[in-house]
Amino acid sequence: MLHDFVRRITLRDDPDEIQGIAYQVFEHLFHLSRTHVLMGKEISLTAAEEDRLEEIATRINRHEPVQYVLGEAYFFGRKFMVNKAVLIPRPETEELVQAVLHHPLPGGPDARSILDIGTGSGCIATTLALALRPVKAYATDVSPAALQVAAQNANALQAPVSFLPHDILAEPLPFTNLSAVVSNPPYITEREQASMQANVLDHEPHLALFVPDDDPLLFYRAIATRAFPALLSKGLLAVEINAQYATDVERAFGIAGFIDMKTVRDIPGKDRIVMAVKP
């Protein structure tokens, strides 16, 4: 049955990737783990289930990401609802969260507070809120649709996060005495679109992806400038970055008043995270 579904996928992707997509679909639809499939567990499909499989295959063949097709993605082992209002959570963003969790935060165990700027699906804020409990967790986004998704995810996972609309490019942060500010802002330049895959370019929200070619640090300058007065002394600023601009982001953070800038490479070896501390 799984092999029949795989044959319906006409993408020119790596066969292992297509197989992985098929496993995700079968686990979602039929609660069959990869082990069950490999063991050849048989199930009888209803006509409605056959139609659903055909619809999923058709959407995948149009380069729609399987996460949007199924309406879910995993981050830190937890299931998050996703739709086209939010980016699909990615492994490198898990590394950003890990970096924050391994950094000592000011404020004491019962008085720490964190802010996630541009929260999207809420995966960063929700994961940190659960891992750092007790903590006051806040998350902002310019998109009302994204905030709705993020709030649903936090509620489903029973994470205490407060969400509010905010435009980091236009408004000061309405917070003080934060222990950490975290963000995965837009950082792909418009010229890089030419080398991007259709499943990202045609389906994920451009508002959350792209920055102008002539100002790739647009969001990092705003985040640093507005985060500095909102943080406690020794407070952490941690961001995900475009690997091309690590030195430039560090320099922008230094201009904003931060110290101890550090660039962290992701598992594939690319500069992916910049961290800095308020004096």
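Going by full-length UniProt numbering, the residue at position 5 of the sequence shown is 5; the numbering climbs one at a time, nothing skipped.
The beta carbon of each residue, even a glycine, is placed where N, CA and C say it ideally should be.
Integer-rounded CB distance, given that P160 should sit under 8 Å from A129: 6 Å
- prompt: Apart from the five residues just before and just after T127, which ones in its own chain have a Cβ nearer than 6 Å to its Cβ?
  reply: F76, V97
- prompt: Could you give the residue range of the alpha helix (DSSP H) that holds F253?
  reply: 246–255
- request: May I have the straight-line CA-CA distance separating H102 from A48, to the nearest angstrom?
  value: 47 Å
Sequence-distant residues of its chain with Cβ nearer than 7 Å to G71 (five each side left out): M81, V82, N83
query: Which residues mark the beginning and the end of the alpha helix (DSSP H) in which Y220 is found?
result: 218–230
- prompt: Since L237 sits in a beta bridge, which residues does DSSP pair it with?
  reply: V181, A276
task: Would you mind stating whether A125 and A238 have Cβ atoms separated by less than 9 Å?
output: no
field: Which listed residue (T93, A57, H63) has its alpha carbon closest to that of Y74
entry: T93
message: Rounded to whole angstroms, what is the Cα-Cα separation between I241 and R7?
response: 37 Å
- prompt: Is it true that the CB of R251 sits closer than 9 Å to the CB of V264?
  reply: no
task: Specify the secondary structure class of V86 as computed by DSSP and reduced to three states.
output: coil
- request: Could you have a look at Q188 and say whether DSSP puts it in helix, strand or coil?
  value: Checking the sequence shown, residue 188 turns out to be Ile, not Gln. The answer is strand: DSSP assigns I188 an E or B state.
message: Using CA atoms only, rank isn't needed, just tell me which of H206, S233, H31 is closest to S179.
response: S233
message: Nearest by alpha-carbon distance to N155: which of P174, I168, C123, L173 is it?
response: C123
- prompt: From E204 to D214, what distance separates their C-alpha atoms?
  reply: 22 Å
- prompt: Can you tell which of L53, E17, V211, F163 has its C-alpha closest to the C-alpha of V121?
  reply: The residue you asked about is not Val; residue 121 is Ser in the sequence shown. Checking every option, the nearest Cα to that of S121 belongs to F163.
field: Endpoints, alpha helix (DSSP H) assigned at E204
entry: Segment: none, E204 is in no alpha helix (DSSP H) and carries neither H nor E.
- prompt: Can you list, in chain order, the residues of its chain whose CB lies under 6 Å from that of L173, leaving out five sequence neighbours each side?
  reply: R226, A230
- request: Measure the C-alpha to C-alpha separation of Q148 and A85 and round it to an integer number of angstroms.
  value: 9 Å
query: Which residue comes first and which comes last in the beta strand (DSSP E) that contains V142?
result: Premise fails: V142 is in no beta strand (DSSP E) and is neither H nor E.
- request: Kindly list the residues whose CB is nearer than 7 Å to the CB of M196, restricted to its own chain and excluding five residues on each side of it in sequence; keep chain order.
  value: none
message: Here's a check: name, in chain order, each residue in its chain whose Cβ is nearer than 6 Å to the Cβ of V142, leaving out the five neighbours to either side.
response: D167
- request: Run the CB neighbour count on T140, radius 10 Å, all protein chains shown included, and call it buried at 16 or more, exposed below.
  value: buried
Among L45, G118, Q24, L236, the one whose alpha carbon lies nearest that of A146: G118
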